[in-house]
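The structure under discussion appears below in the form of structure tokens.
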Amino acid sequence: MGNREDLLAGARRCLFEKGYARTTVRDIAAAAGGVSMAAIGYHFGSKEALLNEALAEANREWGAELERALDDAAQPGATPLDRFATNWQAVIDSIGAHRGLWAATFDTLAQAGHDPKTRDQLADKLTEARSGLARLFEHLDEADTAQGRAVGALYQALLTGVAAQYLIDPDHAPTGAELAAALRTITG
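Below is the structure:
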């Protein structure tokens with residue numbers, strides 16, 4: 001790997017092990033196999049930009065893995081609520097398997113309140129995430145439509161909320177079946 005790729009891999013390890021706020025430039029350089037600290041500025045401009053890119057890359061990989069899991073869980077002929085329950089159980093299982101990614105995500109979200117550049121970078125990635133979720137769950141390729149944006153925003157809110165509950169109390173976080181039952185109750 002080159003310095004840029006080594007830095008991304010090192011930043012990712014640091015994010016998952018130490019978190020966003022506790023990771024230093026020195027930590028990343030060491031985790032990247034001794035790449036110089038100056039290389040961070042050269043390739044990314046700042047530690048924060050590197051950490052944000054490492055997190056975005058990890059989230060894209062998680063999204064691709066989740067897409068495969070949803071494809072594997074697909075049940076032809078299932079009702080929309082049964083499909084919803086199955087899909088969300090796959091999401092919940094994936095959150096559990098990638099706890100470090102989700103802890104790093106929430107740690108980064110907390111930093112966004114203190115750093116406008118991080119907030120702006122996350123906002124750019126949020127649009128990508130909403131679009132991906134609309135496509136993934138409802139096969140809406142037109143994320144530029146009002147419907148696609150609304151569906152993506154709903155799934156993003158649900159994903160963030162479920163992930164937070166799982167990180168805080170995995171034994172009592174909702175299951176896919178419970179989410180579907182709640183949706184059934186709400187929609188009557």
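Everything in the sequence shown is counted per the numbering used here, starting at 1 for the first residue and increasing by one.
Note that beta-carbon positions come from the ideal geometry of N, C-alpha and C, so glycine has one too.
Remember, predicted model here, so these are calculated numbers, not experimental data.
- Task: Check whether the region 139 to 158 touches the region 169 to 178, counting contact only when three or more Cβ pairs, one atom from each stretch, lie closer than 8 Å.
- Result: no
- Entirely enclosed alpha helix (DSSP H) segments - the region 96 to 158, minimum 4 residues: 99 to 112 and 116 to 138
- Which of helix, strand or coil DSSP assigns to Q165: helix
- Query: By DSSP, does G33 sit in helix, in strand, or in coil?
  - Reply: coil
- Query: Pick from T108, I40, Q111 and H98: whose alpha carbon is nearest that of L167?
  - Reply: H98
- Query: If we count the other Cβ atoms within 10 Å of its Cβ and call it buried at 16 or more, is Q121 buried or exposed?
  - Reply: buried
- With a 10 Å radius around its C-beta and 16 neighbouring C-beta atoms as the bar for buried, classify Y42 as buried or exposed. exposed
- Let me know the secondary structure DSSP gives Y42 once reduced to three states. helix
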